[in-house]
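Contents: one structure, followed by commentary.
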């Protein structure tokens, strides 16, 4: 972790790889619970009507071995298909993905909800898989260095507890939370930010911190599908849940 704090909220795949390579870090909490910050889209006139229809089609991603490719393979799996039954096409950027979709270079893709709205939303694209129906794989998990764990355990507990209170506030007050977050999501209009936050809350996207094994196992499976990892992965050995509030350690 680059910061002096020793704590970060980061994508899980590089964390798993780093721990396997000997980095002194642990997974200490969850930040999010699923891929609900994204939507899977096709063009309005696409013959693809259900997720099963993506067989034999081209699924656009920004880059190989990215969160986007991991999303693609788990979405293909959700359709009851094998990863190689849908071609994944790397296009270098998310804007490139949408341009390719609009020109039928690809037929389907997963994009962040904020970009979806900024590029026209449902007036321009048809949603094939909505946020709450996307696979359970966390885009962000909390990690801490061994140094922070050993030298400042109370600071780590305070970070995790503070974050939990923030998530509770968002879930209980999505409209107020959207007002607070409006500047973060600018230039997205405030009304669109409110819709986005409500959608994420409805999808149970934000985690109070509890570490869930199924989403982590999905990460590992997606890493295998995309050639990011080989061999056994000791997920239990990568976790230290002792800094979570007692009711979240189960």
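Numbering (the numbering used here), first residue to last: 12 to 261.
Glycine is no exception: its CB is placed at the ideal position from the N, C-alpha and C atoms.
- If you look at residue 236, you'll find it in the alpha helix (DSSP H) that goes 224–236.
- Annotation: residue 67 is outside any beta strand (DSSP E) and is labelled neither H nor E by DSSP.
- Taking a cut-off of 8 Å on C-beta distances, the region 244–253 does not touch the region 177–190, as fewer than three cross pairs fall below it.
- Pairing residue 29 with residue 38 gives a Cβ-Cβ distance that is not under 8 Å.
- In the DSSP assignment, residue 120 is bridged to 52 and 71.
- Secondary structure of residue 156 (DSSP, three-state): strand.
- Just measuring C-alpha positions, the residue of 148, 202, 55 and 140 sitting nearest residue 113 is 55.
- C-alpha of residue 135 to C-alpha of residue 237: approximately 30 Å in a straight line.
- Taken atom to atom, the span from the alpha-carbon of residue 149 to that of residue 22 is near 8 Å.
- One thing to note: residue 65 has its Cβ within 8 Å of the Cβ of residue 97.
- Under the DSSP definition of a beta bridge, residue 37 partners with 155.
- In the DSSP assignment, residue 88 falls within the unbroken alpha helix (DSSP H) covering 78–89.
- Taking 8 Å as the upper bound for CB-CB distance, residue 239 and residue 76 are in contact here, some 5 Å apart.
- Between the alpha carbons of residue 213 and residue 165 lies a distance of about 32 Å.
- The continuous stretches of alpha helix (DSSP H) do not include residue 258, and DSSP gives it neither H nor E.
- Collapsing the DSSP output to three states places residue 30 in a helix.
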